[in-house]
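**Q** Numbering (mature numbering (1 follows the signal peptide of the UniProt record, and there is no 0)), first residue to last: -20 to -1, 1 to 469. Beta carbons: idealized from backbone N, C-alpha and C, even for Gly. In this text the structure is predicted, and so the values were computed from the model without any measurement.
(1) Thinking residue 473 and residue 350 are a contact (beta carbons under 8 Å), I'd like their distance in whole angstroms, please.
(2) Check this for me: beta carbons of residue 221 and residue 202, under 7 Å apart or not?
(3) Can you tell me whether residue 22 is buried or exposed, with buried defined as 16 or more other CB within 10 angstroms of its CB?
(4) According to the neighbour-count rule (16 or more other Cβ atoms, all chains shown, within 10 Å of its Cβ), is residue 126 buried or exposed?
(5) Could you tell me the distance, in whole angstroms, from the CA atom of residue 340 to the CA atom of residue 358?
(6) Buried or exposed: which applies to residue 85, given that a residue is buried once 16 or more other Cβ atoms fall within 10 Å of its Cβ?
(7) Would you identify the three-state DSSP class for residue 88, choosing helix, strand or coil?
(8) Look at the alpha carbon of residue 287 and the alpha carbon of residue 313, and state the distance between them as a whole number of angstroms.
(9) Which word fits residue 240, buried or exposed, when buried means at least 16 other C-beta atoms lie within 10 angstroms of its C-beta?
(10) So is residue 465 buried or exposed if we call it buried at 16+ other beta carbons inside 10 Å?
(11) Just reading off the beta strand (DSSP E) that residue 127 is part of, what are its end residues?
(12) Using the C-alpha atoms, what's the distance from residue 97 back to residue 120?
(13) What separation, rounded to the nearest whole angstrom, lies between the Cα atoms of residue 333 and residue 383?
(14) Contact defined as beta carbons within less than 8 Å: I believe residue 88 pairs with residue 70. What is the distance between those atoms, to the nearest angstrom?
(15) In the structure shown, what three-state DSSP assignment does residue 44 receive?
(16) Hey, which unbroken runs of the alpha helix (DSSP H) at 4 residues or more fall wholly within the segment 356 to 430?
(17) Quick one, which of 25, 35, 33, 244 has its alpha-carbon nearest residue 57's?
(18) DSSP on residue 162, reduced to helix/strand/coil?
(19) With respect to the alpha helix (DSSP H) encompassing residue 23, which residues constitute its N-terminal and C-terminal limits?
(20) Measuring only the C-alpha atoms, how far is residue 179 from residue 173?
(21) Can you give the beta carbon distance from residue 104 to residue 135, rounded, assuming they're within the 8 Å contact cut?
(22) Between the C-alpha atoms of residue 405 and residue 59, what's the straight-line distance to the nearest angstrom?
(23) DSSP on residue 340, reduced to helix/strand/coil?
(24) So, using beta-carbon positions, are residue 101 and residue 147 closer together than 7 Å?
(25) On a CA-only basis, which of 253, 247, 400 is nearest residue 233? Give me that one, please.
(26) Once DSSP output is grouped into helix, strand and coil, what is the label at residue 306?
(27) Specify, as a first and last residue, the run of the beta strand (DSSP E) that residue 1 falls within.
(28) Looking only at C-alpha atoms, which of 281, 207, 385, 329 sits nearest to residue 320?
(29) How far does the beta strand (DSSP E) with residue 265 in it reach, from first residue to last?
(30) Have a look at residue 118 and residue 94 and give me their C-alpha separation to the nearest angstrom.
(31) Helix, strand or coil, according to DSSP, for residue 51 in the structure here?
(32) May I ask you to list the residues that DSSP assigns as paired with residue 134?
(33) Can you list, in chain order, the residues of its chain with a C-beta nearer than 8 Å to that of residue 380? Leave out the 5 residues immediately preceding and following it.
(34) Which of the three DSSP states, helix, strand or coil, is assigned to residue 476?
(35) Determine whether the beta carbon atoms of residue 418 and residue 467 lie at a separation below 7 Å.
(36) Would you list the residues sitting across from residue 105 in a DSSP beta bridge?
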């Protein structure tokens, strides 16, 4: 392990040498690859051929020579890797040796790798083994291999009924073979340059519509390179959990036939900010352009677009925020939950990592399981409920910020500090966090107390200029040059 660490440090720190190199190495004893390479070779070999037997101690060395060490890019420059004569040993799910395998993430994120020749004896390919290789344009394997076949930058099982991986170097239109019936869940990771999927005639499982891949009546995959508006085709009734992973679309049109929207269906679509729904759809409505509700109960916010950013105010008229409704909306910075909302459910705003400001209404009654989990950059939370919201016993802000202030109404400080239900007591005990009372005042009262001194400028707590009072802490500047904080309800 010490030797491996030294190799990685060498790769990260050494300077590139001018002369490109080709190297063939036979590894007789697994785990000794590092001993067979000089420091110069680690950083300069562009074409590497490995024979013999390598294992899970050797493969990280090879990966680092191809530009990635598992955490960071390296100075490795290897562009062609030939493992055709090698036996690769990795670990299975139980930590035992798995022979003739490419392991999980074993050759993933190799920034410089362009050509890969897989072992002739390859028998197992594990999830994400070749994921996110953005320059890997060619994958080959011996025609005599019993288990796999390769074509271009794609690896399939032998009869091409299952796609193991499509390299992230793929671009333009990718053609699905006529006999393909399935794909690894990680098969398309990082394929953000594919703009359309086409399906060969005769395939009875997959079809394509406007470049999107459909499996039966399920939207299976949206091309990562598509931007603008994607209209889900009529006939689609559901969406695969990974369909929008890595998608760049900004808007989605929902057809009349869609009957099920899951909480993670649009996960990964970081630019998605608006929805439209066909008038004939009996299940869903759009409110405020960026939010979906169920027609059966339009008061419950079902889903927010994952690309929402900056300051976001939830739609008026809703009373509840559903499980996971806005989880992972990482670009929201300021969130205002309007009056009338009474319930925020499990993980509703989980992992909104860009969130710094949060305003919760006086009508709030319930905050259930970790509804703001991992909102770790929060600085100010204003809650106007004079009665501490109820919970199901789980900490609402679990995994949250350290250095955040929770502002509560006058006269409620001790009640919030003593709360165990939503975990406000736990919140207060975290390093740097505090719970403070709001001292209400209005601009009229301020002016009355200051004689002829007039307000000249007004800002939010984060320095944004505003024209009129907004709820929360306002920074007010006066004509005599003084500045004061003002709490506005």
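**A** Once the coordinates are examined:
(1) It is not possible to answer for residue 473, since the shown part of the chain is limited to -20 through 469.
(2) no
(3) buried
(4) exposed
(5) 13 Å
(6) buried
(7) coil
(8) 12 Å
(9) exposed
(10) exposed
(11) It is not in any beta strand (DSSP E) - residue 127 carries neither H nor E in the DSSP assignment.
(12) 5 Å
(13) 15 Å
(14) Actually they are not in contact, since the Cβ atoms of residue 88 and residue 70 sit about 13 Å apart, beyond 8 Å.
(15) helix
(16) 393 to 398, 404 to 409, 423 to 428
(17) 25
(18) strand
(19) 19 to 24
(20) 18 Å
(21) 12 Å between Cβ atoms; not a contact.
(22) 55 Å
(23) strand
(24) no
(25) 253
(26) coil
(27) 1 to 7
(28) 281
(29) 264 to 267
(30) 7 Å
(31) coil
(32) 131, 146
(33) 352, 353, 354, 355, 356, 358, 407, 410
(34) Residue 476 cannot be examined here, being either before or after the span of the chain that is shown, -20 to 469.
(35) yes
(36) 82
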